[in-house]
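Student: For what it's worth, our numbering labels the leading residue of the sequence shown as 1, then goes sequentially. Virtual Cβ for every residue (Gly too), placed ideally from N, Cα, C. Keep in mind the model is a prediction, meaning the values are calculated, not measured. Just dropping this structure here.
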Amino acid sequence: MRIETLSIFPEMFETVMATSILGRARQRGALEYVGHDLRNWTHDNHRTVDDEIYGGGPGQLLKPEPVYEALDDLLKDAPATVIIFTPGGEPFNQAMAEELACAQRLLMICGRYEGFDERVYSLAHRQISLGDYVLTGGELAAMVVSDAVCRLLPGVLGSDLSIVDDSFSQGLLEYPQYTRPETYRGQQVPEVLLSGNHAAIDKWRRKMSIIKTAELRPDLLAASGLSEAEIQKALEEE
Ligand code: SAM
């Protein structure tokens, strides 16, 4: 997969895209990353990307011309799924990460100031929000989406199995997990996990996934497609 970002702060991506799983994915060739500076598509000495807002009001808006011209250049030889980050977009989630992981090329456009001139949004295939809050810019959103998408690419994680049980992959939160020591400050690792009985461990994990989801995210449980009987059984066994 190739991920490209268009931003007035391309330097913000350098560490994140070179570190840990993302960095290794790039070294192995599973991920290609290119950060573009929106100011490269300006034509004045100050490399101006923003302007005042028609009708008045505080702040500045990102002008349409640099974004349109950047996309003219960047998309002339190959298509891409174009994403614009905005608080008004579709809320980002695991299902969306899975869809985006199927793309060959993602081009992510990051806003700043009060956002973009309205005519820019029609350039995007998807408008994505990280959640119901306002960030100062779209760069962090692009990093979050890159990270969530990249770990789904084949061969990027140590074991492709590790994403199967992840929270949200099957509509539930992940079951509780433990490592050594067996007892820590009076808290014991559940006996079943030490038993070596894999059928019993799988059963326990399924039950605990349901219980944890019911406690922390009952909204997910309602949408999980699980039967009322299975949910009740898990909760009664708690
Ligand atoms: N005035 C805009 C509004 O109220 O919708 C907010 C602009 S925000 C200060 C600047 C940029 O940060 C946006 O153009 C967008 O790219 C990014 N941004 C802010 N909050 C975001 C969120 N929740 N999800 C994704 N991007 C966000």
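1. Considering Cα atoms alone, identify which of Val189, Val49, Ala223 is closest to Phe116.
2. According to DSSP, Ile109 sits in a beta bridge with which residue or residues?
3. Counting C-beta neighbours from all protein chains within 10 Å, is the total for Tyr133 16 or more, i.e. buried, or is it exposed?
4. Figure out for me which residue from Lys63, Ser224, Gln127 has the closest Cα to the Cα of Ile53.
5. Among residues of its own chain, excluding the 5 on either side of Ile163, which ones have a beta-carbon nearer than 8 Å to its beta-carbon?
6. Relative to the C-alpha of Glu69, which residue among Leu235, Tyr175, His43 is closest?
7. Start and end of the beta strand (DSSP E) containing Ser129?
8. Helix, strand or coil, according to DSSP, for Thr183 in the structure here?
9. Just to confirm the assignment: which complete alpha helix (DSSP H) runs, minimum length 4, are found wholly within the segment 13-83?
10. If you run the structure through DSSP and keep just helix, strand and coil, what is Gln188?
11. Alpha carbons only, please: which of Asp147, Val67, Pro10 is nearest the one belonging to Arg119?
12. For Glu139 and Ala199, what's the separation of their Cα atoms in angstroms?
13. Taking the DSSP output, what are the residues bridged to Pro154?
14. What I want to know is whether the C-beta of Thr136 ends up closer than 7 Å to one or more non-hydrogen atoms of the ligand SAM.
15. Nearest to Asp219 by CA position, among Leu173, Leu22, Glu230, Asp72, is which residue?
Tutor: Per the coordinate set shown:
1. Val49
2. Its beta-bridge partners are Leu6, Ile84.
3. exposed
4. Lys63
5. Arg151, Leu152, Leu157, Ser169
6. His43
7. 126-129
8. Strand, per DSSP.
9. 13-18, 20-28, 64-74
10. strand
11. Val67
12. 44 Å
13. Note: Pro154 sits in no beta bridge, so no partner.
14. Under cutoff, so the answer is yes.
15. Distances from the alpha-carbon of Asp219 to those of Leu173, Leu22, Glu230, Asp72 put Leu173 closest.
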